[in-house]
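*Asks:*
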Amino acid sequence: MWRGMALVNLNFWKNNADTPTSLYEAAFFQWIWLEDQLNAGNLPEGSDQFNSLQEKLIDRFVELREQYGFQLLHLTCCRDTVEDRGTIQYLQDCATEAEIATEFLYIDDIGLGEKGQFTDLQDQVISNLFKLYPWEFMLREMFSTKLEDAGVRWLEPAWKSIISNKALLPLLWEMFPNHPNLLPAYFAEDDHPQMEKYVVKPIFSREGANVSIIENGKTIEAAEGPYGEEGMIVQQFHPLPKFGDSYMLIGSWLVNDQPAGIGIREDRALITQDMSRFYPHIFVE
Numbered sequence: 208m209w210r211g212m213a214l215v216n217l218n219f220w221k222n223n224a225d226t227p228t229s230l231y232e233a234a235f236f237q238w239i240w241l242e243d244q245l246n247a248g249n250l251p252e253g254s255d256q257f258n259s260l261q262e263k264l265i266d267r268f269v270e271l272r273e274q275y276g277f278q279l280l281h282l283t284c285c286r287d288t289v290e291d292r293g294t295i296q297y298l299q300d301c302a303t304e305a306e307i308a309t310e311f312l313y314i315d316d317i318g319l320g321e322k323g324q325f326t327d328l329q330d331q332v333i334s335n336l337f338k339l340y341p342w343e344f345m346l347r348e349m350f351s352t353k354l355e356d357a358g359v360r361w362l363e364p365a366w367k368s369i370i371s372n373k374a375l376l377p378l379l380w381e382m383f384p385n386h387p388n389l390l391p392a393y394f395a396e397d398d399h400p401q402m403e404k405y406v407v408k409p410i411f412s413r414e415g416a417n418v419s420i421i422e423n424g425k426t427i428e429a430a431e432g433p434y435g436e437e438g439m440i441v442q443q444f445h446p447l448p449k450f451g452d453s454y455m456l457i458g459s460w461l462v463n464d465q466p467a468g469i470g471i472r473e474d475r476a477l478i479t480q481d482m483s484r485f486y487p488h489i490f491v492e
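For the sequence shown, the working numbering assigns the number 208 to the initial residue and increments by one for each residue that follows.
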């Protein structure tokens, strides 16, 4: 059992404002786990979770329908990604609860109509699209020149690409130096203070890919991956809380700018990656 820590010890490591991977686990599976454990008598009565994700997602979809006229929402992800497809299905269910019609198609099934609009397999124009696909990938695709004029309302919108990559970290440190919840961070190619122990992160890295930890000039841990050519940032190392033989990282969720829940990842390695374990949580007052 973890009895908490002072707020000053909480550090902002990164921000993902574009692709909500692990949403299915955080919003749905850990809540089902909580209900099952309570019903089985394995948890103290009154055990609860920091988890209002589903309610806030449905409420936000209702707002989109009422304020922006969302009547039909297309959703897409890559083919052969079972986890992503599960996340998309969950979001479809939330949109349906909000009385929005949904259509799913894989991203490679999206077509381009004669008027420059994106279309589905029934040649229906795509006006509203949730894509579980990073903006930095989209902007490198052949169809990227059509994005601006396609008339699509994107979820998430294009401006989210600015705050979902690691370049945000040195910019925040420049704007708010010595903030107690930030770690010193710099662009790797810029002059910056020497650090005894630090982390090197590609700007577009996801799930710990190509991240390395340096101590006294030597790499003590590194993860492989396809990133790095876009540039790197360096961030002061800060140890993750360790329980038993595993390091723990808390991911905090926002929906419509409101706190909506947390998800916990654990790994025996210092670098949290795509195969790191997801753990449900409870709190007891």
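We treat Cβ as the ideally placed atom computed from N, Cα and C, and that holds for glycine.
How should P227 be labelled, buried or exposed, when 16 other C-beta atoms within 10 angstroms of its C-beta is the threshold for buried?
*Replies:* One-based indexing of the sequence shown puts residue 227 at position 20. Classification of P227: buried, given that the 10 Å Cβ count is 16 or more.
*Asks:* Let me check understanding here. Comparing Cα to Cα, which of S419, N218, I333, I440 lies closest to Q480?
*Replies:* Reading the sequence shown from its first residue, position 273 is the one you call residue 480. Cα-wise, what sits closest to Q480 is S419.
*Asks:* Quick one: what's got a C-beta closer than 6 Å to L362's C-beta in the same chain, skipping five residues either side?
*Replies:* On the sequence shown, residue 362 is found 155 positions in, with the first residue counted as 1. Correct list, in chain order: F337.
*Asks:* Check whether the region 289 to 301 and the region 230 to 239 touch, using three or more Cβ-Cβ pairs below 8 Å as the test.
*Replies:* With a cut-off of 8 Å, the region 230 to 239 and the region 289 to 301 count as touching, because enough Cβ pairs lie within range.
*Asks:* From the DSSP output, in three-state form, read off P227 for me.
*Replies:* The residue labelled residue 227 in the question sits at position 20 within the sequence shown. P227: coil per DSSP, three-state reduction.
*Asks:* Assuming Y393 is part of the beta strand (DSSP E), what are its boundary residues?
*Replies:* Locating residue 393 in the sequence shown gives position 186, counting from the first residue. First-last of the beta strand (DSSP E) with Y393: 392 to 394.
*Asks:* Along the chain, where does the alpha helix (DSSP H) that runs through L378 open and close?
*Replies:* Counting from 1 along the sequence shown, the entry for residue 378 is found at position 171. Element bounds for L378: 375 to 382.
*Asks:* If I follow the unbroken beta strand (DSSP E) through A429, where does it start and stop?
*Replies:* Position 222 of the sequence shown, counted from the start, is the residue given in the question as residue 429. Here the beta strand (DSSP E) through A429 covers 425 to 429.
*Asks:* Helix, strand or coil for L217 per DSSP?
*Replies:* The residue you call residue 217 lines up with position 10 of the sequence shown. In this structure, L217 counts as coil in the three-state DSSP scheme.
*Asks:* Who pairs with E310 in a beta bridge, going by DSSP?
*Replies:* For this step, residue 310 is matched to residue 103 along the sequence shown. BP columns for E310 point to H281.
*Asks:* Determine the direct distance from the alpha carbon of G320 to that of W220, and round the result to whole angstroms.
*Replies:* Position 13 of the sequence shown, counting from 1, holds the residue named residue 220. Position 113 of the sequence shown, counting from 1, holds the residue named residue 320. Cα atoms of W220 and G320: separation of roughly 42 Å, rounded to the nearest angstrom.
*Asks:* Give the straight-line distance between the Cα atoms of L328 and T309, rounded to the nearest whole angstrom.
*Replies:* Translated into positions along the sequence shown, residue 328 becomes position 121. Translated into positions along the sequence shown, residue 309 becomes position 102. Answer to the nearest angstrom: the Cα atoms are 14 Å apart.
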